[in-house]
Every structure is written in C-alpha cells, then in structure tokens.
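Engineer: Chains as they are written, first to last, in the working numbering: chain A, 1 to 194; chain B, 195 to 579. Note that CB positions come from ideal geometry on N, CA and C, so glycine has one too.
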Amino acid sequence: MTRTEIRITGFGGQGVVLCGYVIGRACAIHAGQHATMIQSFGPEARGSSCSATLVVSDAPVLYPYIRRPDVFVVMSNDGYEKYAEEIKDDAVIVYEQDLVHPTPKPGQRTYGVPSTRIAEQLGRALIQNIVMLGFFGAVTRIVPRQEMREAVRNSVPAGTEELNLKAFEAGWTWYDEQYGTRGSAAMAAPASTG
Amino acid sequence: MTAEPSGVLTGIHYLDGDFACGEGAMAAGCRFVAGYPITPSTEVVERIGRRFPMMGGIFIQMEDELASMAAIVGAAWTGTKTMTVTSGPGFSLMMENIGLAAMMEVPCVVVNVQRGGPSTGLPTMVGQADVMQARWGSHGDYPIIALCPQSPQEAFDLTVEAFNLAETWRTPVLLLMDECVGHMTEKVVIPPASEIRVVNRRLTDKKPEAYRPYEPDERGVPEFARVGDGYRFHATGLTHDERGYPIMTAECQARTVRRLVDKVRKNADRIVRFEEQDVEGADVVVLAYGITARVARAAIDMARAQGVKVGFLRLVVLWPFPEAKIRELAARIRAFVVPEINLGQLVLEVERCAGGQARTCGVPHAGGGVHDPEEICRVILEAAQ
Chain A
1 MTRTEIRITG FGGQGVVLCG YVIGRACAIH AGQHATMIQS FGPEARGSSC SATLVVSDAP
61 VLYPYIRRPD VFVVMSNDGY EKYAEEIKDD AVIVYEQDLV HPTPKPGQRT YGVPSTRIAE
121 QLGRALIQNI VMLGFFGAVT RIVPRQEMRE AVRNSVPAGT EELNLKAFEA GWTWYDEQYG
181 TRGSAAMAAP ASTG
Chain B
195 MTAEPSGVLT GIHYLDGDFA CGEGAMAAGC RFVAGYPITP STEVVERIGR RFPMMGGIFI
255 QMEDELASMA AIVGAAWTGT KTMTVTSGPG FSLMMENIGL AAMMEVPCVV VNVQRGGPST
315 GLPTMVGQAD VMQARWGSHG DYPIIALCPQ SPQEAFDLTV EAFNLAETWR TPVLLLMDEC
375 VGHMTEKVVI PPASEIRVVN RRLTDKKPEA YRPYEPDERG VPEFARVGDG YRFHATGLTH
435 DERGYPIMTA ECQARTVRRL VDKVRKNADR IVRFEEQDVE GADVVVLAYG ITARVARAAI
495 DMARAQGVKV GFLRLVVLWP FPEAKIRELA ARIRAFVVPE INLGQLVLEV ERCAGGQART
555 CGVPHAGGGV HDPEEICRVI LEAAQ
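1. To the nearest angstrom, how far is the alpha carbon of A/MET1 from that of B/ALA295?
2. Can you tell me where the alpha helix (DSSP H) holding A/SER115 begins and where it ends?
3. Could you please give the first and the last residue of the uninterrupted beta strand (DSSP E) stretch that includes A/SER49?
4. Please list the residues of the stretch 145-170 of chain A that have a C-beta atom closer than 7 Å to any C-beta atom in chain B, keeping them in chain order.
5. Does any C-beta atom of chain B lie closer than 8 Å to the C-beta of A/LEU62?
6. Am I right that B/ILE570 and B/VAL489 are in contact with their C-beta atoms under 8 Å? What's the rounded C-beta distance?
7. Within 10 Å of its beta-carbon, does A/ASP70 have 16 or more other beta-carbons around it, so buried, or fewer, so exposed?
8. Which residues, in order along the stretch 377-390 of chain B, keep a beta-carbon less than 7 Å from a beta-carbon of chain A?
9. Just by C-beta distance, which residues in the stretch 199-230 of chain B are closer than 9 Å to chain A?
10. From the DSSP output, read off the bridge partner residues of B/LYS381.
11. Smallest Cα separation from B/ALA197: which of B/ALA476, B/PHE506, B/ILE384?
12. Any beta carbon from chain A within less than 8 Å of B/GLY245's own beta carbon?
13. In this structure, what does DSSP give as the bridge partners for B/ASP372?
14. The beta strand (DSSP E) spanning A/PHE37 covers which residue range?
15. My output table needs one value for B/PRO558: the three-state DSSP class, helix, strand or coil.
16. Taking B/ILE494 as the reference, give the member of B/VAL473, B/GLY550, B/GLY310, B/ASN358 with the closest Cα.
17. Take every Cβ of the stretch 374-383 of chain B, pair it with every Cβ of the stretch 395-407 of chain B, and state whether three or more of those distances are shorter than 8 Å.
18. Can you find at least 3 beta carbon pairs, one from the stretch 324-334 of chain B and one from the stretch 276-290 of chain B, that sit closer than 8 Å?
19. Please list, in chain order, all residues of the same chain as B/VAL532 whose beta carbon is under 8 Å from its beta carbon, the five residues on each side excluded.
20. Taking C-beta pairs closer than 8 Å, name the residues in chain A that B/PRO283 reaches, listed in chain order.
21. Which term fits B/ILE206, buried or exposed, when burial requires 16 or more other beta carbons within 10 angstroms of its beta carbon?
22. Look at B/ILE292 and B/MET248 and say whether their C-beta atoms are less than 8 Å apart.
23. Answer yes or no: does any C-beta atom of chain A fall closer than 8 Å to that of B/ALA492?
24. Is the CB of A/THR36 under 8 Å away from at least one CB in chain B?
25. Rounded to whole angstroms, what is the Cα-Cα separation between B/GLN344 and B/THR362?
26. Give the interface partners of B/ARG508 over in chain A, defined as CB-CB distance under 9 Å, in chain order.
27. If you count every other CB in all the chains shown that lies within 10 Å of the CB of A/MET75, and 16 or more means buried, which is it?
28. By the criterion of Cβ-Cβ separation under 7 Å, what are the contact partners of B/VAL489 in chain A?
29. Going by the beta-carbon positions, is the gap between A/GLY134 and A/GLU177 smaller than 8 Å?
30. From this set, B/LYS460, B/HIS565, B/LEU575, which residue's C-alpha is nearest B/ASP477's C-alpha?
31. What are the complete beta strand (DSSP E) segments, minimum 3 residues, inside the stretch 289-355 of chain B?
32. Kindly indicate the opening and closing residues of the alpha helix (DSSP H) around B/ALA499.
33. Tell me which residue opens and which closes the alpha helix (DSSP H) that A/TYR95 is part of.
34. Would you report the Cα separation of A/VAL219 and A/VAL55, rounded to the nearest angstrom?
35. If you check the beta carbons only, do B/VAL353 and B/ALA219 fall under 8 Å apart?
36. My assumption, with CB atoms under 8 Å, is that B/VAL303 sits in contact with B/ALA356. Please give the rounded CB distance.
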C-alpha cells in the first residue's frame with residue numbers, strides 16, 4: 001500500500017481549499033485512487049492562515065488525518081512557519097517563491113514558482129491557486145496531466161474554465177522550464193501504514 | 195418504490211459528509227427541512243437550501259432548534275418527508291419534541307453532526323459523546339433508531355436509509371454523524387434514481403368513518419392519514435387511545451407505550467445492522483462506529499502484524515443495539531475492545547450484553563480529535579493477554 005500525505009497552506013482567500021479539492025478530485029475520481037481531504041475548520045478569517053490536508057492512497061484511507069506530510073504546498077510564509085516542523089525529513093516543498101522563504105532540512109527538496117506573478121500576468125491574481133496546482137502536478141506527477149486538467153475543468157465555476165486551464169498550464173510549464181520535464185519522483189516516497 | 199428522479203444527483207462526486215447527507219435526504223424524497231445553523235452541521239442545510247428550489251422543496255431557517263424540531267413534526271403530518279439538522283447544543287434543545295414525535299408516531303429524520311461537548315464545547319472539532327443522549331435524551335420510554343456513517347458515501351447511503359426506517363416504523367430516526375465525517379471530502383457515488391430504494395409510509399385506504407389514527411397494523415405501526423385528506427384527526431403528546439384522544443389511565447399507558455417501544459424492540463432484528471470481519475476464531479473483537487471504525491481498522495492491522503487474532507464488528511445502526519450479536523460473541527471470545535470518542539458510553543452496552551462472559555475494555559477519548567491507532571492497538575494487545 002502507498003500512502004501519501006499532503007499539506008496545503010496559505011492565507012484565507014488564496015484558494016487553499018479549492019487547490020486541495022482539485023487534487024483530491026483528480027486522484028479519487030479521475031485517477032481511480034482513494035483521496036480524503038480535510039480542510040482546517042478553525043475560526044479563520046480571510047487573510048489569516050488556512051490549511052487543507054489530503055491523504056492519497058491506492059487502498060481505502062482508514063486514518064483520515066495527516067501526521068508527517070510527504071508533500072508540503074505553501075503559499076504564505078506564516079503557513080510555512082506554522083507547519084514546517086511536521087513535514088517529513090525527505091518531504092517535497094512546493095512554494096510560492098515571492099512570498100515564502102523556505103529553510104529546508106538536508107534531504108528536503110524545494111520547488112518554487114512565482115504563482116501570484118504568473119496569475120497577475122494572465123489577468124487575475126485570483127487564479128494563483130490553479131497556477132500553483134499546475135506546478136504541483138508537474139512536480140509530483142501524482143496523477144497524469146490530462147486527469148488533473150479534467151479535475152480543474154470540473155471544479156471551477158462555470159465560465160472560468162478556460163482561464164483556469166491557462167493558469168494550470170502556466171504552472172506546469174514553469175516547472176518544465178525551470179526544473180526539466182521528468183518530475184521529482186516525489187510520489188515514490190516510502191509507504192507507511194494507516 | 196424507487197427514488198423520485200428530481201431529487202437525485204446521479205453521478206460520481208467529490209463531496210464532504212455534510213453535502214452527501216443533504217443529497218441523501220433529497221434522494222430519499224425529503225422536501226421539507228427546518229433548521230438553525232450550527233457548526234459543524236451547517237453545510238447540510240447550505241446544500242439543501244441551494245438545491246431545494248429545483249425540486250419544489252421548502253427550507254426554513256427557524257428561530258432556534260426547539261422550533262426547528264417542532265416544524266418538522268408538524269410538516270410531516272401533511273405526508274411530506276421532513277428533516278432537521280444540528281449539533282450537540284441544538285440536539286439538546288430538540289429533545290422534548292423528539293419525544294413528541296415518538297409519542298405521536300411522526301416519521302422524521304434528525305441529523306446530529308457530533309462535535310466535542312458538553313455545552314458549546316468544541317464547535318469545529320469531532321466528538322462521539324451524544325450516543326447515550328441519542329438513546330435516552332427525551333423523557334419517558336420511547337423507541338429510537340440511530341445510524342452512524344463512517345464516510346461521506348455512507349452519509350449519503352444512511353441518510354436514505356434513515357428516511358426509509360422512519361417511514362417504515364413511523365418514528366423519529368437519528369443520523370449520528372460526527373464532525374470528522376461531516377467535514378471530510380471523499381468520492382461519493384450517487385446511483386440512478388431507479389436503483390435507490392425508497393420507502394413511503396403506509397397510507398390508510400380505510401373510509402374516514404372507519405379510520406382510527408392509532409390502530410396498529412400487524413407490525414404494530416398505525417396507518418397514516420395525511421392532514422387535509424378528509425380524515426378526522428387528533429394528535430397529542432398525552433397518552434392516547436386508538437382514536438388519538440387522551441386517556442389518563444395506567445391501562446392505556448401500558449398499551450400505548452408498550453406498543454411504541456415494541457415497534458423497535460420486537461423488530462430489532464429487522465433494524466439492527468452491522469458489519470463483521472474475521473470474528474471467527476478471534477480472541478479479541480474490536481467494536482467501533484463512525485469515524486472511529488476506520489481508525490480502529492488501522493489499529494487492527496497493527497495488532498494482526500503482531501500475531502493477535504482480532505475480529506472487527508462495525509455498528510452501522512447503534513440503536514437498537516445488537517444485543518444478540520454481542521451475547522453470541524461474548525460466549526466465544528476473550529475480550530471486546532471498544533474505542534469511542536467519549537469517556538465511555540457504548541462500551542457500557544457492550545459490557546451489559548457480554549454479561550461477564552468476556553472482558554470489555556474501553557478506549558476512551560475526550561474529543562477534539564480521533565484516536566491514535568497505536569493507542570487502540572496497545573489496548574488490543576493488552577486485551578489479548
């Protein structure tokens with residue numbers, strides 16, 4: 001059994017939960033895996049820290065919460081500081097490079113993307129989360145590109161599909177241009193139980 | 195009967211437990227919901243509020259939970275399937291009218307997405323400490339049925355089932371969800387309407403002059419007449435005879451209340467539902483429900499890896515309690531292990547039914563999180579000694 005734990009964090013309003021939802025949907029519906037998403041339900045207000053977690057597995061997910069994430073998607077520096085300690089020693093850190101300044105442990109791999117800047121260039125800062133999602137997809141190859149695209153198309157508000165798919169492609173392309181086209185093999189993390 | 199297609203969102207979805215519960219209600223044919231928003235249950239009525247206009251349903255945000263419960267009891271007399279949704283503090287306020295629904299034999303569904311208590315407790319965090327309140331929270335002797343989903347998929351399936359049970363037995367049915375399942379998003383498959391089994395209350399075909407509202411059929415359940423269909427109608431929380439009129443005698447009390455209680459008690463084998471895994475030859479059986487059932491299975495995997503023969507009994511229906519099953523198991527195993535997110539509730543029922551034949555080991559948790567599987571595994575290993 002493989003079990004991959006993911007933490008996504010950022011400010012409230014950055015689209016953290018939708019980002020987690022699309023990943024979960026891609027895995028559970030489009031790629032035939034099991035994916036349990038839980039969003040933080042603290043009394044967060046817009047602008048404060050917000051988080052979503054995912055457990056992705058080839059077997060039904062029993063324990064629904066994450067303990068030591070394999071992948072850490074960070075869109076705010078506050079979020080980084082809040083959760084950096086919990087992640088695995090060999091975790092993959094995917095971050096908004098203009099907003100987050102990671103200080104990884106040896107063994108942790110970091111992948112940065114200026115997702116807000118790219119979103120602004122596409123015309124709407126709001127789609128920053130989907131740029132990040134495209135970049136995350138390219139880094140982790142958690143599901144094939146086409147399936148993640150389908151999940152985006154089926155998750156965003158009607159009428160915004162084209163813009164969001166552009167954002168998704170821009171994020172994926174950033175990875176290809178900056179880090180090559182092979183993916184980080186992040187999902188080959190050792191299996192844990194639960 | 196099968197489901198009315200207008201209420202069924204057939205397809206493969208990625209939904210949280212609250213949304214899935216709302217979809218289950220609509221698929222079951224619920225068309226009247228009254229509620230007062232409370233975390234972590236609000237998403238159920240948000241979903242219903244958004245979708246009800248498309249199928250002619252009515253949602254009313256009431257002034258409080260007393261009124262919410264009263265509204266669904268009243269509306270059910272029109273023949274409509276009704277539901278309310280709440281969490282611990284609201285559930286406490288609903289107790290009086292849950293008793294009224296039981297006494298007047300009104301089919302309705304009450305969803306309690308359990309959070310940490312007592313009082314306002316932990317609004318955004320999980321608990322399973324309303325299990326005994328669900329059984330005994332209203333005064334007097336009365337029947338109750340309670341179901342407990344372990345996933346968003348089951349939140350859908352068991353909400354449909356809750357309505358079917360309410361309609362079959364003319365009694366309030368509780369869906370005891372928990373915050374973790376309510377706020378967890380997973381794949382939910384909603385079948386075509388033609389594949390969803392739906393039960394509707396048995397309407398009387400007697401002539402109005404021959405109809406007596408509380409005359410039981412062969413199952414002990416009276417036939418229903420909708421208000422406005424031309425039948426003489428009297429419903430009261432007072433002890434009543436078969437005409438529905440108050441009779442204040444010990445004899446009438448015995449006849450009425452025994453029949454109410456026996457509807458569920460004597461038909462328990464038709465209502466009780468559980469899943470068992472590897473109980474044959476087991477030394478220890480873990481009994482769990484709701485989100486804790488999933489965590490317990492992770493613990494069972496750990497214990498098996500250490501060579502312990504562990505079986506698993508997952509309760510889908512908590513009330514009525516599977517007394518016969520527990521007795522049968524108690525005669526041939528060494529111990530039960532009962533993890534639950536409270537400080538010891540259903541474990542008392544297990545202990546009662548085990549009757550000293552097998553040890554009973556609780557694994558309490560005060561709420562605000564789920565157990566660590568390691569903690570449950572440790573108790574399994576101790577129990578196997």
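Structural biologist: Per the coordinate set shown:
1. The sequence position of residue 1 of chain A within the first sequence is 1, counting from 1. The sequence position of residue 295 of chain B within the second sequence is 101, counting from 1. So the alpha carbons of these two residues sit roughly 48 Å apart.
2. Indexing the first sequence from 1 puts residue 115 of chain A at position 115. Where A/SER115 is concerned, the enclosing alpha helix (DSSP H) stretches over 115-122.
3. Position 49 of the first sequence, counted from the start, is the residue given in the question as residue 49 of chain A. 49-57 is the span of the beta strand (DSSP E), which, as asked, contains A/SER49.
4. none
5. In the first sequence, the residue the question calls residue 62 of chain A occupies position 62. A/LEU62 counts as touching chain B.
6. The count along the second sequence starts at 1 and reaches residue 570 of chain B at position 376. The count along the second sequence starts at 1 and reaches residue 489 of chain B at position 295. Yes, they are in contact, since the Cβ atoms of B/ILE570 and B/VAL489 sit about 7 Å apart, within 8 Å.
7. For the purposes of this step, residue 70 of chain A is taken as the residue at position 70 of the first sequence. When all chains shown are included, A/ASP70 counts as buried.
8. HIS377, MET378, THR379, GLU380, LYS381
9. ILE206, HIS207, TYR208, ASP210
10. The sequence position of residue 381 of chain B within the second sequence is 187, counting from 1. DSSP lists B/TYR208 as partners of B/LYS381.
11. Position 3 of the second sequence, counting from 1, holds the residue named residue 197 of chain B. The residue with the shortest Cα to Cα distance from B/ALA197 is B/ILE384.
12. As a position in the second sequence, residue 245 of chain B is number 51, starting the count at 1. Reading off the sequence, residue 245 of chain B comes out as Arg, not Gly. Not an interface residue.
13. Taking the second sequence and counting its residues from 1, the one referred to as residue 372 of chain B is at position 178. DSSP lists B/GLN308 as partners of B/ASP372.
14. Start at 1 with the first residue of the first sequence, and residue 37 of chain A comes out as number 37. Note on identity: in this sequence residue 37 of chain A is Met, with Phe being the wrong assignment. Run containing A/MET37: 34-39, per the beta strand (DSSP E) assignment.
15. Start at 1 with the first residue of the second sequence, and residue 558 of chain B comes out as number 364. Of the three classes helix, strand and coil, the one that applies to B/PRO558 here is strand, per DSSP.
16. Counted from its first residue, the second sequence places residue 494 of chain B at position 300. Measuring from the Cα of B/ILE494, the nearest candidate turns out to be B/VAL473.
17. no
18. Contact holds: three or more Cβ-Cβ distances are below 8 Å.
19. Looking up residue 532 of chain B in the second sequence gives position 338. Excluding residues within five positions, the ones whose Cβ falls inside 8 Å are VAL480, LEU481, ALA482, LEU540, VAL541, VAL544, THR554, CYS555, GLY556, VAL557.
20. Your numbering for residue 283 of chain B matches position 89 in the second sequence. The premise fails here: B/PRO283 is roughly 17 Å from chain A at the closest Cβ pair, so nothing lies under 8 Å.
21. Position 12 of the second sequence, counting from 1, holds the residue named residue 206 of chain B. Exposed: under 16 other Cβ atoms inside 10 Å.
22. Taking the first residue of the second sequence as position 1, residue 292 of chain B is located at position 98. Taking the first residue of the second sequence as position 1, residue 248 of chain B is located at position 54. It is not a contact, given that the beta carbons lie outside the stated cut-off.
23. What you label residue 492 of chain B is simply residue 298 of the second sequence in a count that begins at 1. B/ALA492 counts as touching chain A.
24. Translated into positions along the first sequence, residue 36 of chain A becomes position 36. By this cut-off, A/THR36 is an interface position.
25. For this step, residue 344 of chain B is matched to residue 150 along the second sequence. For this step, residue 362 of chain B is matched to residue 168 along the second sequence. Answer to the nearest angstrom: the Cα atoms are 24 Å apart.
26. Here residue 508 of chain B corresponds to residue number 314 of the second sequence, with the count starting at 1. None at all; the shortest Cβ gap to chain A is about 12 Å.
27. Numbered from its first residue, the first sequence carries residue 75 of chain A at position 75. The residue is buried, with at least 16 neighbouring Cβ atoms inside 10 Å.
28. As a first step, residue 489 of chain B is located in the second sequence; it is residue number 295 there, counting from the start. Correct list: LEU62, TYR63.
29. By one-based count along the first sequence, residue 134 of chain A stands at place 134. By one-based count along the first sequence, residue 177 of chain A stands at place 177. Contact: no.
30. Counting from one through the second sequence, the residue named residue 477 of chain B turns up at place 283. Residue B/LEU575 is the option with its Cα nearest to B/ASP477.
31. 302-310, 316-320, 339-341, all fully within the stretch 289-355 of chain B.
32. Residue 499 of chain B sits at position 305 when you count from the first residue of the second sequence. Element bounds for B/ALA499: 485-499.
33. Against the first sequence, residue 95 of chain A aligns to sequence position 95. Here A/TYR95 belongs to no alpha helix (DSSP H); instead the beta strand (DSSP E) covers 92-96.
34. Because chain A here runs from 1 to 194, residue 219 of chain A falls outside it and cannot be looked at.
35. As a first step, residue 353 of chain B must be located in the second sequence, where it is residue number 159. As a first step, residue 219 of chain B must be located in the second sequence, where it is residue number 25. For the sequence presented, residue 353 of chain B should be read as Thr rather than Val. Taking 8 Å as the Cβ cut-off, B/THR353 and B/ALA219 qualify as a contacting pair.
36. By one-based count along the second sequence, residue 303 of chain B stands at place 109. By one-based count along the second sequence, residue 356 of chain B stands at place 162. Right, their Cβ atoms sit about 5 Å apart.
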